[in-house]
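Numbering (my numbering), first residue to last: 473 to 759.
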């Protein structure tokens with residue numbers, strides 16, 4: 473990200489360290505110079521080594537990075553989040569075209585991924601279709617990361633619906649492997665969202681058994697962590713998967729109707745409408 477280099481330089485000069493001293497044993501001085509000028513980004517391991525040489529913890533660096541993230545950039549992120557949450561898709565599309573432009577997004581990986589994610593939401597909502605090749609750069613980034621942290625987990629959860637299904641399955645397998653080593657407790661909402669979005673993607677691809685597997689993972693994690701909102705969504709996805717696998721059993725349809733109705737009772741009409749549209753689409757599908 474383009475704002476990392478200047479922060480590295482600021483910390484180094486604040487500590488009165490030369491580039492040669494800061495880079496010793498980690499990377500060449502020229503690579504550090506390129507990093508500080510936004511022309512090079514090291515591996516995660518090298519980044520940790522550099523921070524150690526700079527005598528600053530990863531947590532401290534992330535805090536500094538957050539403080540150095542420009543107010544204008546935050547506005548782009550917060551505006552798109554608000555418009556998507558409020559389901560103001562036409563306004564979101566207009567904002568992405570006229571304000572949050574590709575030129576703006578070039579400033580950082582975070583902005584690029586956010587804009588692509590929002591473009592995908594617009595495309596899915598307006599056309600009920602995803603042009604997956606337009607969003608492949610998101611998943612190239614995720615697949616290239618040796619380890620995932622908060623940004624990658626959030627990106628994965630929010631963007632998986634834009635992935636080619638085969639790529640999504642690879643990422644799902646990677647996630648389950650990484651989950652054995654990492655503590656995702658602080659990101660549990662995103663973990664549940666990830667499996668729910670995987671289930672929806674599998675439903676749209678006609679992979680009902682796999683959709684049921686993902687939906688059950690979302691159900692279990694939502695139940696264990698008392699996440700009622702996400703549990704209701706996972707319930708709909710699991711019952712919809714079961715319905716496609718066992719057409720004769722009307723119990724699943726009753727459960728779907730009940731869970732969607734709860735969203736309306738709790739004043740989440742947009743969520744209820746979105747789930748109902750998905751149900752209607754899957755039930756009329758010939759897959």
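Backbone N, C-alpha and C fix where the C-beta goes; we use that ideal spot for every residue, glycine too.
Report, in whole angstroms, the separation of the C-beta atoms of residue 674 and residue 665, which I expect to be a contact under 8 Å. Working through the chain shown from its first residue, we reach residue 674 at position 202. Working through the chain shown from its first residue, we reach residue 665 at position 193. With a Cβ gap of about 15 Å, residue 674 and residue 665 do not count as contacting.
Residue 559 (DSSP reduced to helix, strand or coil): Counted from its first residue, the chain shown places residue 559 at position 87. Residue state for residue 559 is assigned as coil, using DSSP reduced to three classes.
Hey, which unbroken runs of the alpha helix (DSSP H) at 4 residues or more fall wholly within the segment 514 to 592? 516 to 525, 530 to 540, 543 to 557, 561 to 570 and 574 to 577
Between residue 573 and residue 669, what straight-line distance do the alpha-carbon atoms span, to the nearest angstrom? Locating residue 573 in the chain shown gives position 101, where the first residue counts as 1. Locating residue 669 in the chain shown gives position 197, where the first residue counts as 1. Spanning the two alpha carbons is a distance of roughly 26 Å.
Exposed or buried, residue 720, counting other C-beta atoms within 10 Å across all chains shown (16 or more means buried)? Walking along the chain shown from the start, residue 720 turns up at place 248. Exposed, by the Cβ-count rule.
Below 8 Å CB to CB, which residues in the same chain sit around residue 733 once its five sequence neighbours on both sides are set aside? On the chain shown, position 261 is the one that residue 733 refers to. The residues are 744.
With 16 as the cutoff for other CB atoms within 10 Å, does residue 736 come out buried or exposed? What you label residue 736 is simply residue 264 of the chain shown in a count that begins at 1. By the neighbour-count rule (16 or more Cβ atoms within 10 Å), residue 736 is not buried but exposed.
Pick from 520, 548 and 544 that is closest to residue 588, judged by C-alpha positions: The residue given as residue 588 occupies position 116 in the chain shown. Considering only alpha carbons, the answer is 548.
Which residue marks the beginning of the alpha helix (DSSP H) containing residue 730, and which one marks its end? Looking up residue 730 in the chain shown gives position 258. Per DSSP, residue 730 belongs to the alpha helix (DSSP H) from 723 to 737.
Cβ of residue 639 within 8 Å of Cβ of residue 611? Translated into the one-based positions of the chain shown, residue 639 becomes position 167. Translated into the one-based positions of the chain shown, residue 611 becomes position 139. Yes, they are a contact pair.
So for residue 719, helix, strand or coil by DSSP? By one-based count along the chain shown, residue 719 stands at place 247. When secondary structure is reduced to three states using DSSP, residue 719 falls in the coil class, being assigned neither helix nor strand.
Nearest candidate by alpha-carbon position, reference residue 495, set 672, 563, 518 and 741: Taking the chain shown and counting its residues from 1, one reaches residue 495 at position 23. For residue 495, the nearest C-alpha among the options comes from 518.
Residue 634 to residue 529, Cα distance in whole Å? The residue labelled residue 634 in the question sits at position 162 within the chain shown. The residue labelled residue 529 in the question sits at position 57 within the chain shown. Each residue's alpha carbon lies about 34 Å from the other.
With a CB to CB cut of under 6 Å and the five nearest residues on each side skipped, what residues in its chain are close to residue 708? Numbered from its first residue, the chain shown carries residue 708 at position 236. Closer than 6 Å at the Cβ level, and outside the excluded window around residue 708, lie 728, 731 and 747.
Is the beta carbon of residue 552 closer than 8 Å to that of residue 590? Position 118 of the chain shown, counted from the start, is the residue given in the question as residue 590. Position 80 of the chain shown, counted from the start, is the residue given in the question as residue 552. Contact flag set, yes.
Note down the Cα distance separating residue 570 from residue 596, rounded to an integer number of angstroms. As a working note, residue 570 is residue 98 in the chain shown. As a working note, residue 596 is residue 124 in the chain shown. Distance between the alpha carbons of residue 570 and residue 596: 20 Å.
Going by Cα to Cα distance, which pick from 567, 524, 556 and 579 is closest to residue 510? In the chain shown, residue 510 corresponds to position 38, counting from 1. Among 567, 524, 556 and 579, the Cα nearest to that of residue 510 belongs to 579.
Tell me which residues share the same chain as residue 636 and place their Cβ nearer than 6 Å to its Cβ, disregarding the 5 neighbours each side in the sequence. Translated into positions along the chain shown, residue 636 becomes position 164. Correct list, in chain order: 604.
Contact defined as beta carbons within less than 8 Å: I believe residue 507 pairs with residue 477. What is the distance between those atoms, to the nearest angstrom? Translated into the one-based positions of the chain shown, residue 507 becomes position 35. Translated into the one-based positions of the chain shown, residue 477 becomes position 5. By a beta-carbon distance limit of 8 Å, residue 507 contacts residue 477. Their separation comes to about 5 Å.
What does the Cβ neighbour count give for residue 700, buried or exposed, with the cut at 16 atoms within 10 Å? Taking the first residue of the chain shown as 1, we reach residue 700 at position 228. When all chains shown are included, residue 700 counts as exposed.
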